[in-house]
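First comes the structure, then the notes that go with it.
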Amino acid sequence: MSKSKNKVPFKTRLLAFAIPLVVGLVAAVVFKYYVITPVHIPNQFMEPTLKNGSTAYFNRWFRAKQLGIGDVVLVHSPLDPDSVLIARIVGKPGDTIYVQKRMVFRNGTLLDPTSFPESSSNDIPMIPPGKTESDDMPKVTVPEKSFFLLADNRELGVDSRTLGVIQESHVIATLW
């Protein structure tokens, strides 16, 4: 038996290696940027849940109906469509939300503080403008196709207390 009959041409071996490699790389890039979105956390708004400087992964494949109270979401800012915010859902359509002495109430019931972690850091030099030490907020009823969001670190965070309710269409992804 001659060796030339069993030898596979170089072009065939190259294609057998290159095609799966290219398909795998394209699938990985599509998955990383269109299904799972890595986000660098640039601030302390969501501490202790998401640490400043860390990377969080958000799932772009979600349904707004599946989002629940306590879910952390990535949203476009209603004031600047080019900027994004990360916050926790505390109110869904039809809910009445208010804050009294740093305690969050949903439909008249106190939300469980252990479900919404607060920053353990007490080294905040001063309270940001427009916020009070007791952190009170009047009642807000969440309209249809909207959410009320709060940052875990409320002393520093930008959320629905400042921006108002966030439209469902502004939600980009949910924390993986």
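According to the working numbering, the sequence shown is numbered sequentially starting from 153. Don't be surprised by glycine CBs; every beta carbon is placed ideally from N, CA and C.
Check: Straight-line Cα distance separating K184 from V178; Outcome: 10 Å
Check: Classification of I249 by the beta-carbon crowding that lies within 10 angstroms, buried from 16 upward; Outcome: buried
Check: Separation of T326 from G222, as counted between CA atoms; Outcome: 11 Å
Check: Separation of V294 from P118, as counted between CA atoms; Outcome: An answer regarding residue 118 cannot be provided, because it is not within the stretch 153 to 328 covered by the chain.
Check: Close-in-space but distant-in-sequence residues of the same chain around H322 (CB under 6 Å, 5 per side omitted); Outcome: V227, H228
Check: A303 to T164 span [Cα, whole Å]; Outcome: 56 Å
Check: Delimiting residues of the alpha helix (DSSP H) encompassing F162; Outcome: 162 to 186
Check: Beta-carbon spacing of I238, M198 below 8 Å; Outcome: yes
Check: Rounded Cβ spacing between P190 and T201 (contact assumed at less than 8 Å); Outcome: Their Cβ separation, rounded to whole angstroms, is 16 Å, which puts P190 and T201 out of contact at 8 Å.
Check: Backbone secondary structure at T201 - three-state DSSP; Outcome: coil
Check: S312 classed as buried or exposed, judged by whether at least 16 other C-beta atoms fall within 10 angstroms; Outcome: buried
Check: Of the listed residues Q319, N305, N158, P230, nearest to Q196 (C-alpha basis); Outcome: N305
Check: Distance CB(F299)-CB(G260) smaller than 8 Å; Outcome: no
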